[in-house]
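Single-structure report; data block below.
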Amino acid sequence: MSAIKNVAVTGASGSLGTVIFDHLVSSGKFNITVLRRHGSSSKFPEGTKVIDVNFDSVDELTAALKGQDALVSSVGTPLLQGQKLLVDAAIAAGVKRVLPSEFGSNLDFANTRKLPVFAHKVEVQDYLKEKAKTTPITYTFVYNSAFLDWGLQHNFLLAHAEGKPSIFDGGDITFSATTLSSVADAVVGVLSHPEETKNRTVFIEDTKITQNKLLELAKKANPSKTWNPQPAKLDDITAKADARLAQGIFDFETFVPYIFRAILDPAYGGNFPKTDNELLGLKGLTDEQVYEVVKKYVQ
Ligand SMILES: NC(=O)c1ccc[n+]([C@@H]2O[C@H](COP(=O)([O-])OP(=O)(O)OC[C@H]3O[C@@H](n4cnc5c(N)ncnc54)[C@H](OP(=O)(O)O)[C@@H]3O)[C@@H](O)[C@H]2O)c1
1 MSAIKNVAVT
11 GASGSLGTVI
21 FDHLVSSGKF
31 NITVLRRHGS
41 SSKFPEGTKV
51 IDVNFDSVDE
61 LTAALKGQDA
71 LVSSVGTPLL
81 QGQKLLVDAA
91 IAAGVKRVLP
101 SEFGSNLDFA
111 NTRKLPVFAH
121 KVEVQDYLKE
131 KAKTTPITYT
141 FVYNSAFLDW
151 GLQHNFLLAH
161 AEGKPSIFDG
171 GDITFSATTL
181 SSVADAVVGV
191 LSHPEETKNR
201 TVFIEDTKIT
211 QNKLLELAKK
221 ANPSKTWNPQ
231 PAKLDDITAK
241 ADARLAQGIF
251 DFETFVPYIF
261 RAILDPAYGG
271 NFPKTDNELL
281 GLKGLTDEQV
291 YEVVKKYVQ
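Quick note on UniProt numbering: the sequence shown kicks off at 1 and runs consecutively.
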């Protein structure tokens with residue numbers, strides 16, 4: 001497969017997209033075009049090629065994607081399902097590689113694919129896989145399990161803000177975790193190795209960690225805080241989520257338990273047995289670097 005030079009990015013203003021955009025630009029390897037929603041207030045550095053598009057229009061998307069070798073999508077939840085139109089447009093425009101907005105849990109596990117929170121991602125994956133059989137389009141899915149820095153910043157992986165983090169099923173379950181910066185490096189790595197990453201999943205991680213280890217590091221980072229961890233069970237929180245779903249409530253509170261299930265439950269593959277770090281140029285984090293990440297966000 002020929003080298004990838006022209007790269008379009010959607011969702012480039014998001015939590016992850018901002019970092020992916022920066023790393024793609026600073027790699028100096030690619031010509032970047034940002035596809036932004038009409039009416040979006042997102043801003044990019046002067047000189048950035050930005051095309052405002054209607055994400056519901058295959059024609060507009062196709063015109064915007066003409067001449068692009070690859071499309072990296074890091075759109076957030078509201079636009080995940082709409083990526084099927086992006087795929088149609090990418091095919092019509094002759095784009096060679098699509099990286100849909102994955103960047104999370106191990107959807108190669110059947111259990112994980114069944115979790116309601118991932119329904120749109122699975123739909124887009126299935127669509128891409130089918131299209132890759134009948135058109136020249138190719139794909140790569142990037143799995144990083146939990147975002148380490150984002151997860152701490154948003155009081156999610158370890159709810160440290162009030163010193164009362166929920167610790168699930170004893171807290172000693174090992175899971176893979178990755179910083180946004182390493183996810184962005186992996187995207188650069190995929191686009192730099194198109195043949196080796198063609199039509200497959202790549203797995204990346206910075207570290208393997210547990211909630212108890214995160215708690216230990218958080219206590220070290222802020223020893224004067226009162227820490228009162230709350231034992232909790234994955235089965236209990238997902239049962240509540242199931243009840244909310246049954247009532248037709250599809251909000252953040254409903255979906256978070258399923259994400260914890262995907263990250264922590266060994267039957268859902270959130271601890272990667274092997275990774276593509278080496279191929280993609282990722283070094284991982286030392287214990288000291290993991291501590292620095294925790295210290296930055298745990299106040
Ligand atoms: N593994 C983990 O722990 C973890 C955690 C969080 C997220 N993720 C995944 O990472 C990917 C990116 O998530 P993110 O949190 O970075 O996304 P985000 O910040 O919520 O949104 C990314 C971008 O999507 C665009 N967008 C399109 N339609 C939108 C709409 N209707 N409302 C708001 N924004 C819209 C916006 O860009 P423009 O305004 O420029 O168009 C926005 O900046 C997703 O696949 C998500 O599931 C993984």
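Glycine included, every Cβ here is placed at the ideal spot set by N, Cα and C.
In the three-state scheme derived from DSSP, where H, G and I count as helix and E and B as strand, I259 is classed as helix.
Below 8 Å, too few C-beta pairs join the stretch 75 to 87 and the stretch 224 to 238 to call them touching: fewer than three. Considered as a whole, the stretch 117 to 185 harbours 119 to 134, 148 to 153 as its complete alpha helix (DSSP H) runs of no fewer than 4 residues, in chain order. About 6 Å separates the CB atoms of T178 and I204; that is less than 8 Å, so the two are in contact.
8 Å or more divides the Cβ of A70 from the Cβ of V34. In the structure shown, S13 falls within a coil segment according to DSSP collapsed to helix, strand and coil. For A70, the enclosing beta strand (DSSP E) begins and ends at 70 to 73. For F203, DSSP records a beta bridge to Y143. K274 carries a coil assignment under DSSP once its states are collapsed to helix, strand and coil. Of S145, G76, L245, the smallest CA-CA separation from F272 is found for S145. DSSP places K49 inside the beta strand (DSSP E), whose first and last residues are 49 to 53. Ranked by how close their Cα comes to the Cα of N111, the residues D287, T275, G270, V298 have G270 in first place. Residue burial is scored here from C-beta neighbours: Q299 has fewer than 16 other C-beta atoms within 10 angstroms and is therefore classed as exposed. Here DSSP, grouped into helix, strand and coil, assigns N222 to coil.
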